[in-house]
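Asks:
2 protein chains.
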Amino acid sequence: MARPRSFDEAAVLETARDRFWATGYAGTKVDDIAAATGLGKGSLYGAFGDKHALFLRVFDHYCTEAAEGTRRQLEGPDATAYRRLRDHVHAIAESVVADQARRGCLIAKSTAECAEHDEAVAARSRQLFRDLQGHLTACIAGAQRAGDIAADADPAHLAGLVLAVLRGLEALGKGGVEPAGIRAIADTALAVLPKP
Amino acid sequence: MARPRSFDEAAVLETARDRFWATGYAGTKVDDIAAATGLGKGSLYGAFGDKHALFLRVFDHYCTEAAEGTRRQLEGPDATAYRRLRDHVHAIAESVVADQARRGCLIAKSTAECAEHDEAVAARSRQLFRDLQGHLTACIAGAQRAGDIAADADPAHLAGLVLAVLRGLEALGKGGVEPAGIRAIADTALAVLPKP
DNA sequence: GCCGTTCTGGACGAGATAGTCAAGAATGGG
DNA sequence: CCCATTCTTGACTATCTCGTCCAGAACGGC
Numbered sequence: 011m012a013r014p015r016s017f018d019e020a021a022v023l024e025t026a027r028d029r030f031w032a033t034g035y036a037g038t039k040v041d042d043i044a045a046a047t048g049l050g051k052g053s054l055y056g057a058f059g060d061k062h063a064l065f066l067r068v069f070d071h072y073c074t075e076a077a078e079g080t081r082r083q084l085e086g087p088d089a090t091a092y093r094r095l096r097d098h099v100h101a102i103a104e105s106v107v108a109d110q111a112r113r114g115c116l117i118a119k120s121t122a123e124c125a126e127h128d129e130a131v132a133a134r135s136r137q138l139f140r141d142l143q144g145h146l147t148a149c150i151a152g153a154q155r156a157g158d159i160a161a162d163a164d165p166a167h168l169a170g171l172v173l174a175v176l177r178g179l180e181a182l183g184k185g186g187v188e189p190a191g192i193r194a195i196a197d198t199a200l201a202v203l204p205k206p
Numbered sequence: 011m012a013r014p015r016s017f018d019e020a021a022v023l024e025t026a027r028d029r030f031w032a033t034g035y036a037g038t039k040v041d042d043i044a045a046a047t048g049l050g051k052g053s054l055y056g057a058f059g060d061k062h063a064l065f066l067r068v069f070d071h072y073c074t075e076a077a078e079g080t081r082r083q084l085e086g087p088d089a090t091a092y093r094r095l096r097d098h099v100h101a102i103a104e105s106v107v108a109d110q111a112r113r114g115c116l117i118a119k120s121t122a123e124c125a126e127h128d129e130a131v132a133a134r135s136r137q138l139f140r141d142l143q144g145h146l147t148a149c150i151a152g153a154q155r156a157g158d159i160a161a162d163a164d165p166a167h168l169a170g171l172v173l174a175v176l177r178g179l180e181a182l183g184k185g186g187v188e189p190a191g192i193r194a195i196a197d198t199a200l201a202v203l204p205k206p
């Protein structure tokens, strides 16, 4: 009936994400994205609207995946909750260390650049942080029930602390702190969590 | 002998800093800075070189002031070291909370946007983080000697942890976490530091 | 005063940049 | 096989943006 799309929307969004990730919102030209995806600008505008709408689409999807990935890593039975928490912290630290190109985290980059002026970005990141802290809180509460973390500590407070450390690791990694420093911080954060 | 400058260089740098702070490197137009400072572009280029040189000048100065301010807050006799550390952490948390406009920290914004592609920015931020951790380490070591923090903990590791939390507070504040959440994280971080 | 020197203000040019548009291409139904 | 419909391509416009340049202004030494 009508001419079908010749591109895979998900692949295009991924490529666009990489461009925004590499050069930020203001620094990324629509022509860059067109060139990287191989699409003409007409197709891009037709399928996603303008630059801002495309960015929000990319950002929202990235946030959703980040929350989902964290949930999967942290969810599970109480008996292994502490182990999951520890593995998650180490996984973040290793991902920071492994990021040779220092591209950092798209969320950190986008909120730093846009949250102040772009309410849509601010709202999405707020929601994400709520979700992340929620997953951490649930996992920590599980570890408390299993007797791996002191039961008298407020799990939400500990979760906030862990979240701040994880975000801090990202920031320090971007700032050039060496692998040993990053790993030491992750280990120290786990070590100071109150034991029963 | 020659016509003197009609502007105050420090004031112009401050105004330029505010522009970069508000809209980032790529998002700030040289014409914006010219308009904000009241200078013609000829004067700007004559005095500071191009946009990138001006940005580095601003960024370097901001980093220097940040390190200097931290040093002043943390330096002092062992007897009050823990109190200084506590006050510093609270001061950062309060500054994040007080930042209604959510402009965040210029260092976080600049490293997020530029460190990946701009070696000068990366190098300056690396140095800054080294300095900050150094000041924190010295203060924590003092608190250990005074018996306010467990002596068997590695002060550099604890300093790394505190630095990560402080950077994380910035990131979370930018991301819209509410004042109560920010303050709770600061308090929790202080609470988990090992007591003798 | 006059002059050489540096600073100022803004016009200017080359190239970039977001978004539009029209001509043509691909598709399935009739 | 033709048509209506949607998609594609890339030329095009209007506006920005960086950086340069130059005519004139402000200064102190002479």
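In the order they appear, the protein sequences are chains Y and W.
Under my numbering, the first residue of the first sequence is numbered 11, with each subsequent residue one higher.
Under my numbering, the first residue of the second sequence is numbered 11, with each subsequent residue one higher.
From the three backbone atoms N, C-alpha and C, an ideal C-beta is built for every residue, glycine too.
All figures in this text were calculated on a predicted structure; none of them were measured in a lab.
For THR8 of chain Y, name the three-state secondary structure that DSSP assigns.
Replies: Given a span of 11 to 206 for chain Y in the structure shown, any question on residue 8 of chain Y remains unanswerable.
Asks: Let me see if you follow: with CB-CB separation under 8 Å, is LYS39 of chain W close to chain Y or not?
Replies: Along the second sequence, read from residue 1 onward, the residue named residue 39 of chain W stands at position 29. Not closer than 8 Å to any Cβ of chain Y, the Cβ of LYS39 of chain W fails to qualify, so no.
Asks: Which bits of chain Y does GLY178 of chain W rub up against, with CB to CB less than 9 Å?
Replies: Along the second sequence, one-based indexing puts residue 178 of chain W at 168. Correct list: LEU171, LEU173, ALA174, VAL175, LEU176, ARG177, GLY178, LEU179, GLU180 and ALA181.
Asks: Closer than 8 Å is the cut-off here; do at least three beta carbon pairs connect the segment 164–183 of chain W with the segment 147–154 of chain W?
Replies: Yes, since at least three Cβ pairs between the segment 164–183 of chain W and the segment 147–154 of chain W fall closer than 8 Å, the two stretches touch.
Asks: Return the chain-ordered ranges of every alpha helix (DSSP H) run that is complete within the segment 82–165 of chain Y and spans a minimum of 4 residues.
Replies: Fully enclosed alpha helix (DSSP H) runs of 4 or longer: 91–108, 116–120 and 129–155.
Asks: According to the neighbour-count rule (16 or more other Cβ atoms, all chains shown, within 10 Å of its Cβ), is LYS39 of chain Y buried or exposed?
Replies: Here residue 39 of chain Y is taken as the residue at index 29 of the first sequence, counted from 1. Looking at its Cβ environment, which holds fewer than 16 other Cβ atoms inside 10 Å, LYS39 of chain Y is exposed.
Asks: Thinking C-beta only, is ALA196 of chain W closer than 8 Å to LEU171 of chain W?
Replies: Counted from its first residue, the second sequence places residue 171 of chain W at position 161. Counted from its first residue, the second sequence places residue 196 of chain W at position 186. No, they are not a contact pair.
Asks: Indicate whether VAL187 of chain W and PHE139 of chain Y have their beta-carbon atoms separated by less than 8 Å.
Replies: Here residue 187 of chain W refers to the residue found at position 177 of the second sequence. Here residue 139 of chain Y refers to the residue found at position 129 of the first sequence. In contact: VAL187 of chain W and PHE139 of chain Y (Cβ atoms closer than 8 Å).
Asks: Using a Cβ-Cβ distance cut-off of 8 Å, determine whether VAL106 of chain W contacts chain Y.
Replies: Here residue 106 of chain W refers to the residue found at position 96 of the second sequence. Not an interface residue.
Asks: Below 9 Å on C-beta distance, what does HIS167 of chain Y contact in chain W?
Replies: Looking up residue 167 of chain Y in the first sequence gives position 157. The contacting residues are ALA194, ILE195, ASP197, THR198 and ALA201.
Asks: Suppose the cutoff is 7 Å on Cβ atoms and the five residues either side in sequence are ignored; what does the same chain contact list for ILE102 of chain W look like?
Replies: Numbered from 1 along the second sequence, position 92 holds the residue referred to as residue 102 of chain W. Only LEU176 and LEU179 meet the Cβ criterion.
Asks: Just to make sure I have the definition right: I need the residues of chain W whose C-beta is within less than 8 Å of the C-beta of VAL68 of chain Y. Which are they?
Replies: Sequence index remark: in the first sequence, residue 68 of chain Y carries index 58 (1-based). Near VAL68 of chain Y there are no residues of chain W at all, since even the closest Cβ is about 16 Å away, more than 8 Å.
Asks: Grab me the residues of ASP97 of chain W's own chain with a C-beta within less than 8 Å of its C-beta, minus the 5 sequence neighbours each way, in chain order.
Replies: To locate residue 97 of chain W, count along the second sequence from 1; it is residue 87. Closer than 8 Å at Cβ, skipping near neighbours: GLN83.
Asks: For the alpha helix (DSSP H) that SER53 of chain Y lies in, which residues bound it at each end?
Replies: Numbered from its first residue, the first sequence carries residue 53 of chain Y at position 43. Taken as a continuous stretch (DSSP letters only), the alpha helix (DSSP H) holding SER53 of chain Y covers 51–58.
Asks: Can you look up GLY48 of chain W in the DSSP assignment and give me helix, strand or coil?
Replies: Taking the first residue of the second sequence as 1, we reach residue 48 of chain W at position 38. Looking at GLY48 of chain W - three-state DSSP - the assignment turns out to be coil, as it is neither helix nor strand.
Asks: Between GLU78 of chain Y and chain W, is the shortest Cβ-Cβ distance under 8 Å, so that the two count as touching?
Replies: In the first sequence, counting from the first residue as 1, residue 78 of chain Y sits at position 68. So, not an interface residue.
Asks: Under 8 Å Cβ-Cβ, which residues of chain W neighbour PHE139 of chain Y?
Replies: The residue you call residue 139 of chain Y lines up with position 129 of the first sequence. Neighbours of PHE139 of chain Y on chain W, chain order: LEU182, GLY185, GLY186 and VAL187.
Asks: Using a Cβ-Cβ cutoff of 7 Å, what residues of the segment 119–130 of chain W are near chain Y? List them in chain order.
Replies: Result list: LYS119, THR121, ALA122, GLU123, ALA125 and GLU126.
Asks: Run the CB neighbour count on GLY114 of chain W, radius 10 Å, all protein chains shown included, and call it buried at 16 or more, exposed below.
Replies: Here residue 114 of chain W corresponds to residue number 104 of the second sequence, with the count starting at 1. Flag for GLY114 of chain W reads buried.
Asks: Assign GLY186 of chain Y to one of three DSSP states: helix, strand, or coil.
Replies: The sequence position of residue 186 of chain Y within the first sequence is 176, counting from 1. The answer is coil: DSSP assigns GLY186 of chain Y none of H, G, I, E or B.
Asks: Less than 8 Å between the CB atoms is what I'm expecting for PRO189 of chain W and ALA160 of chain W, so what's the real figure, rounded?
Replies: Reading the second sequence from its first residue, position 179 is the one you call residue 189 of chain W. Reading the second sequence from its first residue, position 150 is the one you call residue 160 of chain W. Not a contact, Cβ separation roughly 30 Å.
Asks: Tell me whether ALA169 of chain Y sits in a helix, a strand or coil according to DSSP, three-state version.
Replies: Taking the first sequence and counting its residues from 1, one reaches residue 169 of chain Y at position 159. DSSP places ALA169 of chain Y in helix when its eight states are reduced to three.
Asks: Given this structure, state the Cα-to-Cα distance separating THR121 of chain W from GLY183 of chain W, to the nearest angstrom.
Replies: To locate residue 121 of chain W, count along the second sequence from 1; it is residue 111. To locate residue 183 of chain W, count along the second sequence from 1; it is residue 173. Looking at the two C-alpha atoms, the distance is approximately 17 Å.
Asks: Once you ignore the five residues that flank GLU207 of chain Y on each side, which residues in its own chain have a CB closer than 6 Å to its CB?
Replies: Since the displayed chain Y opens at 11 and closes at 206, residue 207 of chain Y lies outside it and no answer follows.
Asks: So ALA132 of chain W contacts chain Y; which residues on that side make the cut at Cβ distance below 9 Å?
Replies: Sequence index remark: in the second sequence, residue 132 of chain W carries index 122 (1-based). Residues of chain Y passing the Cβ test: ARG112, LYS184, GLY185 and GLY186.
Asks: Report the residue from Y:THR25, Y:VAL68, Y:ALA89 and Y:GLU19 whose alpha carbon sits nearest the alpha carbon of GLY56 of chain Y.
Replies: On the first sequence, residue 56 of chain Y is found 46 positions in, with the first residue counted as 1. Ranking the options by Cα distance to GLY56 of chain Y, first place goes to Y:GLU19.
Asks: Please report the Cβ distance between CYS73 of chain W and ILE43 of chain W, rounded to the nearest whole angstrom; I am assuming they are in contact, meaning their Cβ atoms lie under 8 Å.
Replies: Within the second sequence, the letter at position 63 stands for residue 73 of chain W. Within the second sequence, the letter at position 33 stands for residue 43 of chain W. Actually they are not in contact, since the Cβ atoms of CYS73 of chain W and ILE43 of chain W sit about 20 Å apart, beyond 8 Å.
Asks: Once DSSP output is grouped into helix, strand and coil, what is the label at PHE69 of chain W?
Replies: Taking the first residue of the second sequence as 1, we reach residue 69 of chain W at position 59. Three-state DSSP puts PHE69 of chain W in a helix.
Asks: List, in chain order, every chain Y residue whose beta-carbon is nearer than 9 Å to that of ALA151 of chain W.
Replies: Start at 1 with the first residue of the second sequence, and residue 151 of chain W comes out as number 141. Residues of chain Y passing the Cβ test: none, with the nearest at roughly 15 Å.
Asks: In the DSSP assignment, find the alpha helix (DSSP H) that holds PHE17 of chain Y and state where it starts and stops.
Replies: Within the first sequence, residue 17 of chain Y is the residue found at index 7, counting from 1. It is not in any alpha helix (DSSP H) - PHE17 of chain Y carries neither H nor E in the DSSP assignment.
Asks: Between the C-alpha atoms of ALA125 of chain Y and GLY37 of chain Y, what's the straight-line distance to the nearest angstrom?
Replies: To locate residue 125 of chain Y, count along the first sequence from 1; it is residue 115. To locate residue 37 of chain Y, count along the first sequence from 1; it is residue 27. Distance between the alpha carbons of ALA125 of chain Y and GLY37 of chain Y: 16 Å.
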